[in-house]
Amino acid sequence: MELMEKHGLTEVTLRGSDEKWSLRRGSLEPPVIYQQGPAGMPAPAAPAPLAPPAGSPPPAEAPAAADDSLQIRSPTVGTFYISPTPEDPPFVTVGSTVKADTIVCIVEAMKVFNQIPAEVSGTVVEVLVANGDPVEFNQPLFRVKPG
Amino acid sequence: MELMEKHGLTEVTLRGSDEKWSLRRGSLEPPVIYQQGPAGMPAPAAPAPLAPPAGSPPPAEAPAAADDSLQIRSPTVGTFYISPTPEDPPFVTVGSTVKADTIVCIVEAMKVFNQIPAEVSGTVVEVLVANGDPVEFNQPLFRVKPG
Amino acid sequence: MFQRILVANRGEIALRIIRACREMGIETVAVFSEADRGAHYLDLADEKYCIGPAAATDSYLMIKRIISTAEIGNVQAIHPGYGFLAENAHFAEVCRDCNIEFIGPPHKAMAELGDKVSAREIAMKAKVHVVPGSDGLIADEKTALEVASRIGYPVLIKATAGGGGKGMRVAMNDMALKAGLKSASAEAEKAFSNAGVYLEKYVENPRHVEVQILADNHGQVVHLWERDCSLQRRHQKLVEESPAPNLPLSVREDICKAAVRLVKAAGYTNAGTCEFLVDADHQFYFIEVNARIQVEHPVSESVTGIDLIQQQIRVAAGEKLDFKQRSIPCNGSSIEIRINAEDPAQNFRPCPGTITKLRVPGGPGVRFDSHVHEGYTIGPWYDSMIGKLIVHRKTREESLACLRRALDEFVIEGVKTTIPLLRKIVSHSAFIEGQVDTTFVERTW
Amino acid sequence: MFQRILVANRGEIALRIIRACREMGIETVAVFSEADRGAHYLDLADEKYCIGPAAATDSYLMIKRIISTAEIGNVQAIHPGYGFLAENAHFAEVCRDCNIEFIGPPHKAMAELGDKVSAREIAMKAKVHVVPGSDGLIADEKTALEVASRIGYPVLIKATAGGGGKGMRVAMNDMALKAGLKSASAEAEKAFSNAGVYLEKYVENPRHVEVQILADNHGQVVHLWERDCSLQRRHQKLVEESPAPNLPLSVREDICKAAVRLVKAAGYTNAGTCEFLVDADHQFYFIEVNARIQVEHPVSESVTGIDLIQQQIRVAAGEKLDFKQRSIPCNGSSIEIRINAEDPAQNFRPCPGTITKLRVPGGPGVRFDSHVHEGYTIGPWYDSMIGKLIVHRKTREESLACLRRALDEFVIEGVKTTIPLLRKIVSHSAFIEGQVDTTFVERTW
Chain A
1143 MELMEKHGLT
1153 EVTLRGSDEK
1163 WSLRRGSLEP
1173 PVIYQQGPAG
1183 MPAPAAPAPL
1193 APPAGSPPPA
1203 EAPAAADDSL
1213 QIRSPTVGTF
1223 YISPTPEDPP
1233 FVTVGSTVKA
1243 DTIVCIVEAM
1253 KVFNQIPAEV
1263 SGTVVEVLVA
1273 NGDPVEFNQP
1283 LFRVKPG
Chain B
1143 MELMEKHGLT
1153 EVTLRGSDEK
1163 WSLRRGSLEP
1173 PVIYQQGPAG
1183 MPAPAAPAPL
1193 APPAGSPPPA
1203 EAPAAADDSL
1213 QIRSPTVGTF
1223 YISPTPEDPP
1233 FVTVGSTVKA
1243 DTIVCIVEAM
1253 KVFNQIPAEV
1263 SGTVVEVLVA
1273 NGDPVEFNQP
1283 LFRVKPG
Chain C
2 MFQRILVANR
12 GEIALRIIRA
22 CREMGIETVA
32 VFSEADRGAH
42 YLDLADEKYC
52 IGPAAATDSY
62 LMIKRIISTA
72 EIGNVQAIHP
82 GYGFLAENAH
92 FAEVCRDCNI
102 EFIGPPHKAM
112 AELGDKVSAR
122 EIAMKAKVHV
132 VPGSDGLIAD
142 EKTALEVASR
152 IGYPVLIKAT
162 AGGGGKGMRV
172 AMNDMALKAG
182 LKSASAEAEK
192 AFSNAGVYLE
202 KYVENPRHVE
212 VQILADNHGQ
222 VVHLWERDCS
232 LQRRHQKLVE
242 ESPAPNLPLS
252 VREDICKAAV
262 RLVKAAGYTN
272 AGTCEFLVDA
282 DHQFYFIEVN
292 ARIQVEHPVS
302 ESVTGIDLIQ
312 QQIRVAAGEK
322 LDFKQRSIPC
332 NGSSIEIRIN
342 AEDPAQNFRP
352 CPGTITKLRV
362 PGGPGVRFDS
372 HVHEGYTIGP
382 WYDSMIGKLI
392 VHRKTREESL
402 ACLRRALDEF
412 VIEGVKTTIP
422 LLRKIVSHSA
432 FIEGQVDTTF
442 VERTW
Chain D
2 MFQRILVANR
12 GEIALRIIRA
22 CREMGIETVA
32 VFSEADRGAH
42 YLDLADEKYC
52 IGPAAATDSY
62 LMIKRIISTA
72 EIGNVQAIHP
82 GYGFLAENAH
92 FAEVCRDCNI
102 EFIGPPHKAM
112 AELGDKVSAR
122 EIAMKAKVHV
132 VPGSDGLIAD
142 EKTALEVASR
152 IGYPVLIKAT
162 AGGGGKGMRV
172 AMNDMALKAG
182 LKSASAEAEK
192 AFSNAGVYLE
202 KYVENPRHVE
212 VQILADNHGQ
222 VVHLWERDCS
232 LQRRHQKLVE
242 ESPAPNLPLS
252 VREDICKAAV
262 RLVKAAGYTN
272 AGTCEFLVDA
282 DHQFYFIEVN
292 ARIQVEHPVS
302 ESVTGIDLIQ
312 QQIRVAAGEK
322 LDFKQRSIPC
332 NGSSIEIRIN
342 AEDPAQNFRP
352 CPGTITKLRV
362 PGGPGVRFDS
372 HVHEGYTIGP
382 WYDSMIGKLI
392 VHRKTREESL
402 ACLRRALDEF
412 VIEGVKTTIP
422 LLRKIVSHSA
432 FIEGQVDTTF
442 VERTW
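Just so you know, the protein sequences line up as chains A, B, C and D, in that order. Heads up: the first sequence begins at 1143 in the working numbering, then just goes up one per residue. Heads up: the second sequence begins at 1143 in the working numbering, then just goes up one per residue. Heads up: the third sequence begins at 2 in the working numbering, then just goes up one per residue. Heads up: the fourth sequence begins at 2 in the working numbering, then just goes up one per residue.
This is the structure:
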């Protein structure tokens, strides 16, 4: 957090209209701050390389998938966490019902823990990323059946 | 002719089945030997460059043209002459009737004067090359209407 | 040495850095915007991460996302290339605070040299000539006339808040100065709500000569000789070469030594460039420092045989330069031209599009640095450079011949390019004779 | 100097010659067979003439048509490149009889060095070591044993009419020699109806080292240092480099001086190459002269900075070499690899086809000489070389690093190529350590 203070990085203003960021510092809820490499959660020291197929077209805007399911995508590049702390249960699992403002995961970028809302309504049918994995901008994180 | 003797270039053996060469040396007919740059015939000292369109497909095998006419093509690279000597009339002109063995022109290569037979029968409808011009291998020389 | 470096850039310079890293056995992490997804050069990185949409402000300029990628990519250093964040001292500081080395100068030196006033002070302290002028704003007409008399005509009247030529006048004598002061000041007031103006000696038809510097963290500073970048169009460099033609060796050495003094005085390390104006009498005046690698670095690589990107990485990793000034040659002549997707018929407007046919020159003396290929689409998002053609031959005459034949070999279809203009330039007698200044292109075409 | 030259070749070497001429301001006349019609490099010539059908015997090898084109194209000289008519002394003579200069050696010197027996005699006269052996055919077993005792085992029994390894035996001792003589002789009788055999010292696992020579018509002969071309597959060179690795400077100088002596003794002028075998003890033996420019000439251009094709043209035009032996450097390290359209899975059978995708390496230290491009069709008519990748860096280690990264950048789709094998070679410890001989590739893969 020292870094955040120093460089004013708490002022996270995102330009994309579909990006919403929640910053914990100073919020009423207790801040969710992961220690680097806590017990029970493998630290992503040497993450597996991401390899989107070269030359593939840019992913279509969410919601859009091969079937009628919707996708929840990452609004930033960072590390994906499925639960608020290693001890807590996941925000959502397959079968969970989500609404637009349901927090579905956290993507950490520069020690800032961004709570990601679903932005769509429906039932989670697939979690596409493993806990602790690096994710890219716009990478699909969940598949959601609308309704 | 000195050069021809020295290097045995009278032995002109051509591989293409559609190529026929006539050599004058030692034949019964009087040899047709042009002097370099004779009066009345401009010597092709600096011939206009040939410019077949780059990337164009190789010319189709004769006979084959856009309309139903046939083409007489050059069996070698050299200089095109329309008449036996500058003083003589042309071998053929537009309107001339030709048979397969009619000599239609001379293509000179290395001081060897190759009489070119028509190889087709019909009426000459166009002379495609100017007297004294350089011609490439397989370049169309005449258009002939079959019959 | 670093095991893993993030390349915080795109296009040809990203490819250039990846190439250097591959030769050094260093792994690379590339970042890309959605506009660059699928670009061939990204396949040459060991890892690649999409960091945002096409707009640079949301991707290549977004510090947080670059740093976040550096963290998940587990790199030890970031190479910023040129443009984007390369001269952003704040970014350099953030990197280092995150224990990720920024491959570039110390952020303090970068900030000081980035400010024109403090850079000018450092230069004067290092006894490097700067363009003479008023020390600060002109209070009144009388002061202006005194300053002009001291520095000599012609003088340039410049608005302190100026930009784009607004509030700028050249005065050849006292009368013109008096008139110019009034109109420049009024124009500046109208354009910038700031009537403040200052005076500078007007360097007529100057040549633009810059010196490539390399400095390690152990006190050694060397120059890699100079580059002449006079051939510009609207302050965009078109052609760069080394050595500068028609500049006596003694002048070249003096400029290079001045640059070394300046860089030492600034406490600057890593690669950098000191830019100078050179007038018709070979007087040279410091203008500014470019605190980064430059587009035209290959011409210095050609004549010295030193790989500048590799050296940047070595310096950032704390290594000492393994050569001395006296062992840096200036072999032969090297010329670079920039090929941009611009339409000369439409006032050089950037011309995005897809390259439908591409034939690139090769053979002896030719280097081509480019990320494009047949089928590559040049988008509207970033700069319009298609690639850089660099030639290197024993003499300038041979380099020019090589450049001309290489330019003639180019076939680029699908987008308009600056090649027709470049062909005219390299065949123009003024360029062949090495007699061009920064106004040549606009005066001639 | 010539105003106009005919290029009597095709593909990359035709393009190479056209490039040299363009840089020299000389016009070019290209010839092409119907198989090469529409090739991009032909557009770079000032004129081009179709001279025959695809088969080389009816086009590129047909002297009469080449000369006829030279006449209608009004050229003063013909550059034969390599292959085709390049070492045809008769062609050289015809050219000169027609008052067209043949850009190559005197036809007499070419003919003498083209004959292995007379070349050996010239070498011995010039005090250049040749592989020791019997002087002529072996009369009987007793003579064979005497010769073997004189030159030392192992010895090679060779059929005088031999070829393709037939009638060839290696003998390590007297007993093996006696047995080998009989079987080799019988095999030769059967294969060639000529039982004659002779003996030569067997050079074990030799390195192939060759010296680039340049000689003008005014008595000056210089060498451009050596090339190591040990990396071969079935006598086809795959990789060439200069300087030869792990060869002491004194040996390199001795080989180069020997080559100069030999060329002087032969009255040879223009560019040429003397080939040697070098054994494990750095003893070298002359094998033959290549009386033409060679495929691998660019590595010598890189380390010396001399454009060999331009020099060939200057020498043919009667100019004096404008440099001396002592001013010819051997700067850095240069390596060339040949990229062929061959299928390694099918015993390197030539693999014609259309290149559907092509990404070519670039950046510092990289030169690519090739006539191909995306969409180019490699036909079945001529050799299968796609292009030559040449790197040049300060040290061999850096050249190897540059070569590896450049090879990794290549993408060629549509035809199978030797790139996978080349990638293995340049990463193999024996090659990296400079410890390969002419049998390395076949022993290893």
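Just so you know, even glycine gets a beta-carbon here, dropped at the ideal spot from N, CA and C. Because the structure is a prediction, the values reported are computed rather than measured.
- Neighbours of B:G1289 in chain D, taken as residues whose beta carbon is under 8 Å from its own, are absent, since the nearest beta carbon is some 29 Å off.
- Taking 9 Å as the CB threshold, C:N10 stays off the interface with chain D.
- Each of D:P107, D:W382, D:I68 was checked against the Cα of D:P54, and the nearest Cα belongs to D:W382.
- In the same chain as D:A110, and ignoring 5 residues on each side of it, the C-beta atoms closer than 8 Å to its own belong to A267, G268, Y269, T270, A292, in chain order.
- Between the alpha carbons of C:Y286 and C:V131 lies a gap of roughly 5 Å.
- Here the C-alpha atom of D:E94 lies approximately 40 Å from the C-alpha atom of D:V416.
- Interface annotation for the stretch 1233-1254 of chain B against chain D: A1251, M1252, criterion Cβ-Cβ distance under 7 Å.
- Within the stretch 363-415 of chain D, complete beta strand (DSSP E) segments of at least 3 residues are found at 367-370, 386-394, 412-414, given in chain order.
- With its beta carbon less than 9 Å from one in chain D, B:N1280 belongs to the interface.
- Interface with chain B (9 Å Cβ-Cβ cutoff): D:Y383 is excluded.
- According to the DSSP assignment, B:P1288 belongs to no alpha helix (DSSP H) but to the beta strand (DSSP E) extending over 1282-1288.
- Residue contact with chain A for C:S334: absent (no Cβ-Cβ distance below 9 Å to any residue of chain A).
- Where A:A1272 is concerned, there is no enclosing beta strand (DSSP E), because DSSP gives it neither an H nor an E.
- Among the CB atoms of chain D, one or more fall inside 9 Å of the CB of C:L16.
- In the assembly as shown, D:D116 is an exposed residue. Its beta-carbon has fewer than 16 other beta-carbons within 10 Å.
- Here DSSP, grouped into helix, strand and coil, assigns D:C331 to coil.
- Apart from sequence neighbours up to five positions away, the residues of its chain that approach B:F1279 with a beta-carbon distance below 8 Å are S1216, P1217, T1218, V1219, ordered along the chain.
- Within the same chain, D217, N271 come within 6 Å of D:V316 by CB-CB distance, once the 5 residues on both sides are set aside.
- Checking the DSSP bridge columns, you'll see D:L423 has no partner listed.
- The beta-carbon distance between C:K159 and C:G168, rounded to whole angstroms, is 7 Å. This is short enough to meet the 8 Å contact definition.
- Contact of D:P365 with chain C is assigned, a C-beta pair being separated by under 9 Å.
- Interface criterion met: the Cβ of C:V412 is under 9 Å from a Cβ in chain D.
- Shown here, C:I294 sits in coil according to DSSP, grouped into three states, outside any helix or strand.
- Your pair D:L215 and D:L225 checks out as a contact, with CB atoms roughly 6 Å apart and the cut at 8 Å.
- Inside the stretch 239-269 of chain C, DSSP marks whole alpha helix (DSSP H) runs of 4 or more residues at positions 250-267, from first to last along the chain.
- Residue-level contact check: B:G1220 touches chain D, since one or more beta carbons of chain D fall below 9 Å from its beta carbon.
- Taking 8 Å as the upper bound for CB-CB distance, C:I294 and C:G82 are in contact here, some 7 Å apart.
- In terms of CA proximity to D:N348, D:V442 leads the group D:L182, D:S334, D:V442.
- The closest CA to that of C:V252, considering only C:D323, C:S69, C:Q284, is found on C:Q284.
- D:D175: member of the alpha helix (DSSP H) spanning 175-193, first to last residue.
- At a beta-carbon threshold of 9 Å, none of the residues of chain C lie near D:D323; the nearest stands roughly 11 Å away.
- A buried status is given to C:E227, since no fewer than 16 other beta-carbon atoms sit within 10 Å of its beta-carbon.
- Distance from the CA of D:D59 to the CA of D:H298, rounded to the nearest whole angstrom, comes to 28 Å.
- For C:L278, DSSP records a beta bridge to C:H209, C:Y286.
- Excluding the 5 residues flanking it on each side, D:V427 has same chain C-beta neighbours closer than 6 Å at L404, R405, in chain order.
- Annotation: the continuous alpha helix (DSSP H) that includes D:F441 extends over 441-445.
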